[in-house]
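S.K.: Protein chains in written order, with my numbering: chain A, 966 to 1318; chain B, 8 to 194.
The beta-carbon is built from N, C-alpha and C at its ideal position, and this holds for glycine as well.
Since this is a predicted model, take the numbers as computed values, not measurements.
Below: one structure in C-alpha cells.
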Amino acid sequence: MDKLASLLHTTPAIAWMVAKLVIVFGGVFSLAALWTWVERRGAAMIQDRIGPNRAALFGKIKIIGLAQPLADGIKFFFKEDLVPHDANKGLFWLAPFLALVPALMGFAVIPFGRSFVSGGHEYHMALLDPGNGMGLLYPLAIGGMAVYGVLVAAWSSNNKWAILGGMRSSATMVSYEIGMSLAVVTIFMTAGGYDPSEVIKAQGHLPWAWNIVRQPLGFIVFFTCMFAETNRLPFDFAEGESEIVAGFNTEYGSMKFSLLALSEYCHLMTASALIATLYFGGWQVPFMQNPPVMLSVASFLVKMLFFAWVFVWIRWTLPRFRYDQLMHLGWKAMLPMSMVNLVFHAWRMSQGH
Amino acid sequence: MGVVVKKVELSWLDRTYVWPVMKGMGITLRHFFRQLFTPTAKRYTIQYPDMKKEMPEGYRGLHELKRFEDGAIKCVACFMCQEACPARCISIEAEEFSDLNITQGFEEKRPAKFSIDMLRCIYCGMCEEACPKDAIWLRKDYEVAAYDRLAMQYGKWDLMNTYAKADGKELISEDPTPSVPRRTIAM
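Structure follows, in C-alpha cells:
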C-alpha cells in the first residue's frame, strides 16, 4: 500500500480510501447487477424452470447466462428515454438517483473485513473508519432517505397508479422503521455502543455468542422489517401488477427504470450486509480468534451473499400480504415484539448478565 | 343449498407464522436443489433449438410422399386425398407413364405435380386415411415455417424428400421412369 501510494504521489490514507471506494461501491453495484440474474435464475429453479441461460459474450461464450445483466444494461441504454408530458421534469430525472444513492451510501460504515496494520498504518475495512461518531445510526438514517427515492419517483411522474404505489410503499417503510429501530437499539444496548466495529467485537468469534442466538426475537423483527425497507416481495407494495400497474415506476423507462430496479438490489445488498453485521458477527470467522484479513472478508461476503439469497428465496416462497394485513403485522406484531425484546434485554442487563 | 366451508383450526405453531414460512421455504429449497442437480436433458423444459421433443406415436406432422426402393413414387394419382382434404390444400396433376410402348398394355398413372399448400393444411390426417396405397404419411416433423408464402407451397419433390435426411435416404428429384417411353417393341 505504501509503495502504491508513493507511486501515485498520494498518502497511503488517500490511496486506501480510493481503493475502498472502488471496491465497496463498484463491488456492491456489480453484485446488485449480478443479483438480478441470480434472482431470475433462482426463481426459475424454485419453480422447476430454467431461467435466463442463453445470453452469451460475443455470441459464443455462454457461461450459464451470466452475461444477462450486461445484455439487459445494453438494452436499457438503447431504449427510448421518455419523460411524460405533464411530469415534473426535474424531479423525474432526480428520482432514480435519489433511490440509488442512499441504497449505496448505507454500505459506507459497514466493516467488510478485519482491520490490519501495514507499514505503521492501520487500515480499516470500511469506508468510514470506526469511531466516526455515526456508527450504525448512519445506515438507519440513510435507509430512511430511501423513502424519498420512491416517493419522488411516484410524485413526479404525475400518474395516479404511481402515486398510489409510492404512498403505499412510503407508509410501509415508515411504519416498519420503528420496529426495526427498536430491534437495533437492543443490540446497541447489549453491545455497549453503536459503532459497527464495537457491535462485531461484542459478538465475538463463537457462533453461539452472536446476536442471532442472544436475540432471536430481535432478529425476526429486524429481518422482517428489512423486507419492508427494501420493498421486496412479501411487502412489495410499491408495485402490484393487478392493482396499480407497475406502481411507482409506471412512467419510467430506459436507464432510469434500470436505476430504480438496481437501487432495489443495492438496497438488498446493504440490508443483507446489515443483517450479517448486526446478527451474524460481521466479518468474524467462526472459531477463529484473529482470522487472516482475506479470510475475514470472505467470511463477511459469504454471510452477506447468503442473506441476499434468502431475500430471493423468500420472495419466491411467500405470497404477498394484503395492505391491511401488512399494517397489522407492522404495528400489532413487529412493534410489540421488538418492544418486548428491548424490555427483556434491558431487564437482563439490569440483573447483571 | 350452501356449501359448508370447513374452517381449519390453526395450531399455535401455525399462528406464529414463522414455522409455516420455514416449511414453505423448505419446500422451495427442495425444488431448487432438485432442479439444480437435474441434468439439463431430464428437466421439464426442452431447450428448443438445441433439444427437440420426440413427438408421440400417431402425431400428425409434416407430410411425406412415400417411395419405392428404386425411387418411384407410390402415389397413383387417384385423387382420393384431394377429395378428402377438408382444407382443399392438395392439388394433383396426373400423368401416365410406362417403360413399354403404349400398345403393350402395361401402363401406370402417377402425379406429374403434387402440391400441398402448407399454409392451408390443418394436419387433420384425412389424406393419410383416404390413401389406398399408403403413399402419403403425416409424420413427426413439426418445424414447418418459411420466410415467404411461396416457400410454403410444397411440390412433389419437396414432399418426397421431407424425411429423406431423417431416414438416411437420398434426395431425389427425378422419376426413375420417364413419362415418355424409353424403348419401343418392334411390331
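Expressed to the nearest angstrom, what Euclidean distance is found between the alpha-carbon atoms of A:Ala1060 and A:Gly1114?
M.R.: Start at 1 with the first residue of the first sequence, and residue 1060 of chain A comes out as number 95. Start at 1 with the first residue of the first sequence, and residue 1114 of chain A comes out as number 149. Answer to the nearest angstrom: the Cα atoms are 5 angstroms apart.
S.K.: Give the secondary structure of A:Ser1228 by DSSP, where H, G and I count as helix, E and B as strand, and everything else as coil.
M.R.: In the first sequence, the residue the question calls residue 1228 of chain A occupies position 263. The answer is helix: DSSP assigns A:Ser1228 an H, G or I state.
S.K.: Less than 7 angstroms between the CB of B:Leu145 and some heavy atom of the ligand MG, yes or no?
M.R.: Of the ligands one can find in the structure shown there are none, so the ligand MG has no counterpart to examine.
S.K.: Residues in its own chain within less than 8 angstroms of A:Trp1278 by CB, not counting five upstream and five downstream?
M.R.: Position 313 of the first sequence, counted from the start, is the residue given in the question as residue 1278 of chain A. Gly1007, Ile1011.
S.K.: Starting from the Cα of B:Thr35, find the closest Cα among A:Pro977, A:Arg1014, A:Ile988 and give me that residue.
M.R.: Position 28 of the second sequence, counting from 1, holds the residue named residue 35 of chain B. Selected option, being the one with the closest Cα: A:Arg1014.
S.K.: Counting only the same chain and skipping the five closest in sequence on each side, list residues whose C-beta sits under 8 angstroms from that of B:Ala101.
M.R.: Taking the second sequence and counting its residues from 1, the one referred to as residue 101 of chain B is at position 94. These residues qualify, in order along the chain: Ala84, Phe86, Lys116, Arg117, Pro118, Ala119.
S.K.: Let me know if A:Trp1126 comes out buried or exposed under the rule of 16 or more other beta-carbons within 10 Å of its beta-carbon.
M.R.: What you label residue 1126 of chain A is simply residue 161 of the first sequence in a count that begins at 1. Its Cβ being crowded by 16 or more others within 10 Å, A:Trp1126 is buried.
S.K.: Do you know offhand how far B:Pro185's Cα is from B:Ala137's?
M.R.: Translated into the one-based positions of the second sequence, residue 185 of chain B becomes position 178. Translated into the one-based positions of the second sequence, residue 137 of chain B becomes position 130. Cα to Cα, B:Pro185 sits roughly 27 angstroms from B:Ala137.
S.K.: Please work out which residues of its chain come closer than 6 angstroms, Cβ to Cβ, to A:Phe1252, disregarding the five sequence neighbours upstream and downstream, and give them in chain order.
M.R.: Here the question's residue 1252 of chain A lines up with position 287 in the first sequence. Around A:Phe1252: no qualifying Cβ.
S.K.: Would you list the one or two residues that DSSP bridges to B:Arg117?
M.R.: Counting from one through the second sequence, the residue named residue 117 of chain B turns up at place 110. In the DSSP output, where bridge partners are listed per residue, B:Arg117 has B:Glu102.
S.K.: Would you decide whether A:Ala1273 is buried or exposed? Buried here means 16 or more other CB atoms lie within 10 Å of its CB.
M.R.: As a working note, residue 1273 of chain A is residue 308 in the first sequence. With 16 or more Cβ atoms within 10 Å of its Cβ, A:Ala1273 is classed as buried.
S.K.: Using the beta-carbon of each residue, which ones in chain B are nearer than 7 angstroms to A:Met1010?
M.R.: Position 45 of the first sequence holds residue 1010 of chain A. Within chain B, the residues near A:Met1010 are Phe39, Gln42, Leu43.
S.K.: By alpha-carbon positions, which one of A:Pro1067, A:Phe1184, A:Phe1057, A:Gly1218 ends up nearest to A:Met1304?
M.R.: The count along the first sequence starts at 1 and reaches residue 1304 of chain A at position 339. Minimum Cα distance to A:Met1304 is reached at A:Phe1184.
S.K.: Do you know offhand how far A:Asp1037's Cα is from B:Pro27's?
M.R.: Position 72 of the first sequence, counted from the first residue, corresponds to residue 1037 of chain A. Position 20 of the second sequence, counted from the first residue, corresponds to residue 27 of chain B. So the alpha carbons of these two residues sit roughly 36 angstroms apart.
S.K.: Would the segment 1255 to 1265 of chain A count as touching the segment 1025 to 1037 of chain A if we require 3 or more Cβ pairs under 8 angstroms?
M.R.: No: the two stretches stay apart, fewer than three of their Cβ pairs being nearer than 8 angstroms.
S.K.: Assign A:Phe1077 to one of three DSSP states: helix, strand, or coil.
M.R.: Taking the first sequence and counting its residues from 1, the one referred to as residue 1077 of chain A is at position 112. Coil.
S.K.: Rounded to the nearest angstrom, what separates A:Tyr1103 and B:Glu16 at their Cα positions?
M.R.: To locate residue 1103 of chain A, count along the first sequence from 1; it is residue 138. To locate residue 16 of chain B, count along the second sequence from 1; it is residue 9. Those two C-alpha atoms are separated by around 45 angstroms.
S.K.: Taking B:Trp144 as the reference, which of B:Ala153, B:Met159, B:Ile179, B:Glu64 has the closest Cα?
M.R.: Translated into the one-based positions of the second sequence, residue 144 of chain B becomes position 137. Of the listed residues, the one whose Cα sits closest to B:Trp144 is B:Glu64.
S.K.: From the DSSP output, which residues share a beta bridge with B:Arg74?
M.R.: As a working note, residue 74 of chain B is residue 67 in the second sequence. Beta-bridge pairing links B:Arg74 to B:Ile80.
S.K.: Let me check understanding here. Comparing Cα to Cα, which of A:Ala1091, A:Gly1212, A:Arg1280 lies closest to A:Leu1233?
M.R.: Within the first sequence, residue 1233 of chain A is the residue found at index 268, counting from 1. Per the Cα distances, A:Arg1280.
S.K.: If contacts are defined as beta-carbon pairs under 8 angstroms, then A:Phe1200 and A:Leu1291 qualify, I think. What distance do you get, rounded to the angstrom?
M.R.: Position 235 of the first sequence, counting from 1, holds the residue named residue 1200 of chain A. Position 326 of the first sequence, counting from 1, holds the residue named residue 1291 of chain A. Indeed they touch by this definition, with Cβ atoms about 6 angstroms apart.
S.K.: Beta carbon of B:Cys5, beta carbon of B:Phe39: below 8 angstroms?
M.R.: No statement about residue 5 of chain B is possible, as the shown extent of chain B runs from 8 to 194 and does not include it.
S.K.: What is the rounded straight-line gap between the Cα of A:Phe1202 and the Cα of A:Ala1311?
M.R.: Mapped onto the first sequence, residue 1202 of chain A falls at position 237. Mapped onto the first sequence, residue 1311 of chain A falls at position 346. Answer to the nearest angstrom: the Cα atoms are 34 angstroms apart.
S.K.: Are A:Gly1030 and A:Trp1002 close, meaning C-beta to C-beta below 8 angstroms?
M.R.: If you number the first sequence from 1, residue 1030 of chain A lands on position 65. If you number the first sequence from 1, residue 1002 of chain A lands on position 37. Their beta carbons are under 8 angstroms apart, which means A:Gly1030 touches A:Trp1002 by this criterion.
S.K.: Quick one: which chain A residues come within Cβ less than 9 angstroms of B:Leu36?
M.R.: Here residue 36 of chain B refers to the residue found at position 29 of the second sequence. Per Cβ cutoff of 9 angstroms: Ile1011, Trp1278, Thr1282.
S.K.: Select from the segment 1184 to 1210 of chain A all residues with a C-beta closer than 8 angstroms to any C-beta belonging to chain B, and list them in chain order.
M.R.: Taking 8 angstroms as the Cβ-Cβ cut-off against chain B, the residues of the segment 1184 to 1210 of chain A that qualify are Ile1185.
S.K.: Per DSSP, which one or two residues make a beta bridge with B:Asp124?
M.R.: The residue labelled residue 124 of chain B in the question sits at position 117 within the second sequence. For B:Asp124, which the question treats as bridged, DSSP gives the partners B:Gln160.
S.K.: If B:Gln53 and B:Cys96 are in contact, beta carbons under 8 angstroms, what's the gap, nearest whole angstrom?
M.R.: The residue given as residue 53 of chain B occupies position 46 in the second sequence. The residue given as residue 96 of chain B occupies position 89 in the second sequence. The sequence given here has Ile at residue 53 of chain B, not Gln. Contact flag wrong, Cβ pair sits at about 29 angstroms.
S.K.: Pick helix, strand or coil for B:Glu61, following the three-state DSSP scheme.
M.R.: Locating residue 61 of chain B in the second sequence gives position 54, where the first residue counts as 1. Note: B:Glu61 maps to coil in three-state DSSP.
S.K.: Rounded to whole angstroms, what is the Cα-Cα separation between A:Leu1147 and A:Gly1295?
M.R.: As a first step, residue 1147 of chain A must be located in the first sequence, where it is residue number 182. As a first step, residue 1295 of chain A must be located in the first sequence, where it is residue number 330. If I take the Cα positions, the gap works out to 13 angstroms.
S.K.: Helix, strand or coil for A:Glu1355, going by three-state DSSP, please let me know.
M.R.: The question about residue 1355 of chain A has no answer, for chain A in this structure spans 966 to 1318.
S.K.: State buried or exposed for A:Ile1209, treating a residue as buried only when at least 16 other CB atoms are found within 10 Å of its CB.
M.R.: Your numbering for residue 1209 of chain A matches position 244 in the first sequence. That one is buried.
S.K.: Would you call the segment 1061 to 1076 of chain A and the segment 1213 to 1226 of chain A in contact, with 3 or more CB pairs under 8 angstroms?
M.R.: Yes, the segment 1061 to 1076 of chain A touches the segment 1213 to 1226 of chain A.
S.K.: Should B:Val11 be labelled buried (16 or more other beta-carbon atoms within 10 Å of its own) or exposed?
M.R.: One-based indexing of the second sequence puts residue 11 of chain B at position 4. The residue in question, B:Val11, is exposed, as its Cβ has fewer than 16 Cβ neighbours within 10 Å.
S.K.: By Cβ distance, which residues of its chain are closer than 7 angstroms to A:Ser1121, with the 5 residues on each side in sequence left out?
M.R.: By 1-based counting over the first sequence, the position of residue 1121 of chain A is 156. If we look at A:Ser1121 and ignore the five residues flanking it on each side, its Cβ neighbours are Ala1052, Asn1053, Leu1056, Phe1057, Ala1060.
S.K.: Would you mind reading off the limits of the beta strand (DSSP E) that contains B:Ile143?
M.R.: The residue you call residue 143 of chain B lines up with position 136 of the second sequence. First-last of the beta strand (DSSP E) with B:Ile143: 143 to 145.
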